[in-house]
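Presented below is the structure to which this report refers.
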Amino acid sequence: MSTLGRRNTLLGYEQPISAQGFTSNVDDNETIKEQESYAPRRTSWSLNAEEIISSLNAHHSFITRQGRAFTSLPRFTDLGQYEITEADQFKLWSLETRRLVNIVNSDQPIELEGQSEWFGKANAEGYSRLGEIAIRLDKAVHMCLQDNEIILLKHGHSMGGWREVRRSKMRLFRYGASTSAGNAHQKEHEIDKYYHAIINYVTGILAQIFVRVAYGARWDTICIASLAKLSTKLKMLGLDLPRAAAISTGVVEKAEKEVKQSTAHPAVEYFVMGRFYQVMTRNLFMVTDNMNSPTSYGLDLANTYEISSILYDTGFRGLRSLLFQDRAGGMWASGNRKNTHCADVLFQVCLNTFEGLKRNINQRGAEPRGSTFVSWEWTQVPSLYEGTDPTCEESNVIGRILRMSIADFLPHTASLGSQATSRPEKPKVKSGRVALVRMQDIVTAIIPLSLLPGVSEISQMITIISFNTTIGRDVKMCGGIGFLAAFSIRSQESQAVPEGGDVTSVSASVLAKERALSVDDSNTTSFSFGAYNELVKANRKITWGLDTMEQWIIDQTAIVIPSRGYCYSSLGLGACLVIGGLAVGFTVEQRITGVDPFNISMFCWTLAAFLIVVLKSIRVETWPWRDFFHGRVVCRSVSEVCSVSGMDPQLLLSILLLLEPRMILEKRGPFNDLFEKKAAEGFSIDIPLSTRAVVQGGCYFVKVSTESGPALGHMVYWLNAWRRIAEICIRISSNLLVADYLVFSMTQHRDEILVQPH
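Quick note: the sequence shown uses the numbering used here, first residue 37, plus one each step.
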């Protein structure tokens, strides 16, 4: 029976432990398996609406995994307190369920319902209308959140707690009693239709996402039923928002007085289902944030914005990362494998939506020139080669795991420093660009792209459901397609950034071009094979660096590198001089008149000692003799590691930065500001980081404008995090364009060194 090997400290979060250990005795035909098994990728659906409708009243009778039955449980998204009878609720739920089932079964891009006149044109007036609907929807979503959290609080299973409830209550208080019903631009019934069309569209998009991202016996049923209930409540609350807000706030105030300490209800699995509604409401908040212009800053930015996202290859064991910029300038980033896996589904939905939008615009014929541009670049890399290339020196498990990068999505590749045995296969590319003139088309594009930051919520929801409910025993994420992506929605005003400026957007950054294989907007249909080859070369370099680090021992203050060849060669040279000196002494004897041959021996011994000391000291500052004799080099700085290993210092720094949360290595030195773990006696970061190394290590810089002038902020996502840079108030001056506010800042000088002041 094979023994389990030690899990290497440099393995990624999702990498498996080899059953044969990290040795070279591995069958060449063994394929790399994911740590988590995925369900087959879903391409068609045949949901039964009547079966889902029969589960809408699960609160009447619920059976736990242990077989315990509960009746008369509270209803999430209940409309009873708003004077809607249970019978009427069920009818409305059934209608919404059938609508969502039809959307899923059709497997076609969703179109935003309604007449183009409701939404207006892509100008200030059109964005103002959209903002009014966003506020209306935001208020209704906050009421849903309040009501569901109160149910959880009363039964001892709250996930957000009173803080979440009070935040929603404060948001409703800030909005006040006003609604968009009295809007002079539209009639009341048109606003209701506009509002309902938005709800139908966003819930339909969410339905397509949920059924694609996971599979299980009851997964589809729970997702569709929950969305149907939420959609119904949002529509009903929107009919009379002031009255609904007063009722919801009254319930909260009453609960604050009554619910002091509640006992947890034994039907834990039922209340865990509240996670569905929490995920849905948070996704809706992201939609409303991007629908509404950031007027809270006191700026008119309705026509000046960009929403963009890239899914790019990092080069680290097939790890991809997601970077997102929302309309208000907020930056989101994640390197978690589950998050990027969920992002695959969202990008696929966005791709289908954008391509469908382009087809519709082409069918409509000639229109006025649009001022908002939607562009997309979707690059599917060839399948991972499962065999072992005989020309590749890495024939062990470590090498094959580390080669899980885009460089090895090629059929035949050689190791670092070698040439590929065949020309790389050209990836499959779907790209396009379309100018939008109608507000209806802009909303159609904005909503699915705005849901990308919600991937963390979706992946967490799947995990929680899998471990806590009766439906979770067979719920698995669905398999996906390996691809890179760069999607953006940009207004014409946001593109007025001066050439050669020191800031750029996410979609136009060097990172997007080099790592997501994005091309310039003016040439979106042309795939850059040269950029692809450069990415392959860069990934081979990273793979070599990771493979080299597998042999190192890393502790809190130093990195120990095996260097037996160097150590034993140095000792061998000294031994040769010593033995040679003795040989001279014994063989010459008295043959040279007046010369003691052992003086030559002493000289050889002195030279041997001198050479050993020099060879021992030239590479590192402090090298204990014990480690020297054992063939180990103790390195306490970046420069020492690079001197011993020959590794590029910027490559080493990027790896240390990316693996920061997983390493016990503590840092010091003049350039350690970006590292979290610091100590006075730690490992010295004595070489400054270049911009490329910082970005490769998962750190992004954002230029913002503050009351004191421009400032530089940074965000680090690491391997298993999901970070956001909060919105920051900005100041507009005569020399700072509105389009520059809180935008992604990537230096245009690829080798620029970041000097950190102290």
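Every residue gets a Cβ at the ideal spot worked out from N, C-alpha and C, and that includes glycine.
Note that the structure is predicted; figures quoted are calculated from it, not measured.
(message) According to DSSP, is Met683 part of a helix, a strand, or is it coil?
(response) What you label residue 683 is simply residue 647 of the sequence shown in a count that begins at 1. DSSP places Met683 in the coil class of the three-state scheme, outside both helix and strand.
(message) My output table needs one value for Thr257: the three-state DSSP class, helix, strand or coil.
(response) Position 221 of the sequence shown holds residue 257. It is helical.
(message) Less than 9 angstroms between the C-beta atoms of Tyr306 and Phe98, yes or no?
(response) Here residue 306 refers to the residue found at position 270 of the sequence shown. Here residue 98 refers to the residue found at position 62 of the sequence shown. At a Cβ-Cβ threshold of 9 angstroms, Tyr306 and Phe98 count as neighbours.
(request) Tell me whether Gly749 sits in a helix, a strand or coil according to DSSP, three-state version. (result) By one-based count along the sequence shown, residue 749 stands at place 713. It is a strand residue.
(message) Using the Cβ count rule (16 or more neighbours within 10 Å means buried), how would you classify Thr215?
(response) Within the sequence shown, the letter at position 179 stands for residue 215. At Thr215, the pLDDT of 48 sits below 50, so the modelled position is not reliable; the number obtained from the coordinates is stated separately. Buried, because 16 or more other Cβ atoms sit within 10 Å of the Cβ of Thr215.
(request) Within 10 angstroms of the Cβ of Ala379, are there 16 or more other Cβ atoms? Answer buried if so, exposed if not. (result) Numbered from its first residue, the sequence shown carries residue 379 at position 343. In this structure Ala379 is buried. Its beta-carbon is surrounded by 16 or more other beta-carbon atoms within 10 angstroms.
(message) Quick check: the Cα distance between Ile241 and Arg318, rounded to an integer number of angstroms?
(response) The count along the sequence shown starts at 1 and reaches residue 241 at position 205. The count along the sequence shown starts at 1 and reaches residue 318 at position 282. Cα to Cα, Ile241 sits roughly 15 angstroms from Arg318.
(message) For Val539 and Val555, what's the separation of their Cα atoms in angstroms?
(response) Taking the first residue of the sequence shown as 1, we reach residue 539 at position 503. Taking the first residue of the sequence shown as 1, we reach residue 555 at position 519. If I take the Cα positions, the gap works out to 18 angstroms.
(message) Count Cβ pairs between the region 687-694 and the region 710-725 that sit closer than 8 angstroms; are there 3 or more?
(response) Here the region 687-694 makes contact with the region 710-725; the two share three or more CB pairs at distances below 8 angstroms.
(request) Please go through the same chain and pick out, in chain order, the residues whose beta-carbon is closer than 7 angstroms to the beta-carbon of Lys374, but skip the five residues on each side of it. (result) As a first step, residue 374 must be located in the sequence shown, where it is residue number 338. In chain order, Ser495 place their CB closer than 7 angstroms to the CB of Lys374, counting only its own chain and leaving out the 5 sequence neighbours on each side.
(request) Given a cut-off of 9 angstroms, decide if Ser545 and Leu472 are closer than it, judged by their beta-carbon atoms. (result) Locating residue 472 in the sequence shown gives position 436, counting from the first residue. Locating residue 545 in the sequence shown gives position 509, counting from the first residue. In this structure, Ser545 does not lie closer than 9 angstroms to Leu472 by Cβ.
(request) Report all residues from its chain with a CB closer than 7 angstroms to the CB of Ala264; omit the five preceding and five following residues, and keep chain order. (result) As a position in the sequence shown, residue 264 is number 228, starting the count at 1. Answer for Ala264: Trp129, Glu132, Thr133, Leu136, listed in chain order.
(message) Measuring alpha carbon to alpha carbon, tell me which residue in Ala105, Tyr602, Asn141, Gly566 is nearest Pro463.
(response) Working through the sequence shown from its first residue, we reach residue 463 at position 427. Of Ala105, Tyr602, Asn141, Gly566, the smallest CA-CA separation from Pro463 is found for Gly566.
(request) Indicate whether the contact test is met: 3 or more Cβ pairs, each with one atom in the region 484-493 and one in the region 362-377, closer than 8 angstroms. (result) Short answer: they touch.
(request) For Leu701, collect the residues of the same chain with a Cβ closer than 6 angstroms to its Cβ; drop the 5 residues on either side in sequence, then sort them by chain order. (result) By one-based count along the sequence shown, residue 701 stands at place 665. Hits under 6 angstroms: Ile590, Phe719.
(message) Quick check: the region 240-255 against the region 182-193, are at least 3 beta-carbon pairs closer than 8 angstroms?
(response) With a cut-off of 8 angstroms, the region 240-255 and the region 182-193 do not count as touching, because too few Cβ pairs lie within range.
(request) Tell whether a beta-carbon distance below 9 angstroms holds between Val323 and Leu487. (result) For the purposes of this step, residue 323 is taken as the residue at position 287 of the sequence shown. For the purposes of this step, residue 487 is taken as the residue at position 451 of the sequence shown. Yes, the Cβ-Cβ distance between Val323 and Leu487 is below 9 angstroms.
(message) Can you tell me whether Gly371 is helix, strand or coil according to DSSP?
(response) Counted from its first residue, the sequence shown places residue 371 at position 335. Of the three classes helix, strand and coil, the one that applies to Gly371 here is coil, per DSSP.
(message) Tell me the DSSP secondary structure of Pro484 in three-state form.
(response) Locating residue 484 in the sequence shown gives position 448, counting from the first residue. Residue state, collapsed to three classes: helix.
(request) Please work out which residues of its chain come closer than 6 angstroms, Cβ to Cβ, to Leu181, disregarding the five sequence neighbours upstream and downstream, and give them in chain order. (result) Within the sequence shown, residue 181 is the residue found at index 145, counting from 1. Hits under 6 angstroms: Ser204, Thr317.
(request) Give the DSSP bridge partners of Val470, in chain order. (result) Stepping through the sequence shown from its first residue, residue 470 is reached at position 434. According to DSSP, Val470 shares a beta bridge with Val410.
(message) Within 10 Å of its beta-carbon, does Pro404 have 16 or more other beta-carbons around it, so buried, or fewer, so exposed?
(response) For the purposes of this step, residue 404 is identified with residue 368 of the sequence shown, where counting begins at 1. With fewer than 16 other Cβ atoms within 10 Å, it is exposed.
(message) Between the alpha carbons of Leu613 and Trp580, how many angstroms are there, rounded?
(response) Taking the sequence shown and counting its residues from 1, the one referred to as residue 613 is at position 577. Taking the sequence shown and counting its residues from 1, the one referred to as residue 580 is at position 544. When only Cα atoms are considered, Leu613 and Trp580 end up about 37 angstroms apart.
(request) Sort out for me which residues DSSP pairs Pro598 with in a bridge. (result) Along the sequence shown, read from residue 1 onward, the residue named residue 598 stands at position 562. Residue pairing by DSSP places Pro598 opposite Arg668 in a beta bridge.
(message) By the DSSP assignment, the beta strand (DSSP E) with Ile525 in it spans what residues?
(response) Along the sequence shown, one-based indexing puts residue 525 at 489. Its beta strand (DSSP E) spans residues 519-527.
(message) For a test of the three-state rule: what should DSSP assign to Gly435, helix, strand or coil?
(response) Within the sequence shown, numbered from 1, the residue matching residue 435 stands at position 399. Its pLDDT being 36, under 50, Gly435 is placed unreliably in this model, and the coordinates cannot settle the point.
(request) Starting from Glu342, trace the beta strand (DSSP E) both ways and give me its first and last residue. (result) Position 306 of the sequence shown, counted from the first residue, corresponds to residue 342. Start and end: 342-349.
(message) Please identify the residue among Leu92, Phe646, Leu148 whose C-alpha is closest to the C-alpha of Thr480.
(response) Counted from its first residue, the sequence shown places residue 480 at position 444. The option with the nearest alpha carbon to Thr480 is Leu148.
(request) Check whether the Cβ of Arg662 sits closer than 8 angstroms to any heavy atom of the ligand ZN, and report yes or no. (result) With respect to the ligand ZN, the structure shown offers nothing to examine, as it has no ligands at all.
(message) Quick check on the burial criterion: 16 or more other C-beta atoms within 10 angstroms. Buried or exposed for Ser108?
(response) Within the sequence shown, the letter at position 72 stands for residue 108. Exposed is the call here.
(request) Would you mind stating whether Val669 and Tyr602 have Cβ atoms separated by less than 9 angstroms? (result) On the sequence shown, position 633 is the one that residue 669 refers to. On the sequence shown, position 566 is the one that residue 602 refers to. The answer is yes: Cβ separation under 9 angstroms.
(request) With distances taken Cα to Cα, identify the nearest neighbour of Ser284 among Gln314, Arg202, Ser344. (result) On the sequence shown, position 248 is the one that residue 284 refers to. Out of Gln314, Arg202, Ser344, Arg202 has the C-alpha closest to the C-alpha of Ser284.
(request) Determine, using beta carbons only, whether Leu485 and Phe523 come nearer to each other than 9 angstroms. (result) Here residue 485 refers to the residue found at position 449 of the sequence shown. Here residue 523 refers to the residue found at position 487 of the sequence shown. If you check the CB distance, Leu485 and Phe523 come in under 9 angstroms.
(request) Check the DSSP bridge columns for Gln361 and list the partner residues they point to. (result) What you label residue 361 is simply residue 325 of the sequence shown in a count that begins at 1. Answer by DSSP bridge pairing, in chain order: Ser344, Met367.
(message) For Val417, tell me which candidate among Ser344, His377, Arg400, Val465 has the shortest Cα-Cα distance.
(response) As a first step, residue 417 must be located in the sequence shown, where it is residue number 381. Just measuring C-alpha positions, the residue of Ser344, His377, Arg400, Val465 sitting nearest Val417 is Val465.
(message) Whole angstroms are fine: how far does the CA of Gln686 sit from the CA of Gly667?
(response) For the purposes of this step, residue 667 is taken as the residue at position 631 of the sequence shown. For the purposes of this step, residue 686 is taken as the residue at position 650 of the sequence shown. Gly667 and Gln686: Cα-Cα distance of roughly 26 angstroms.
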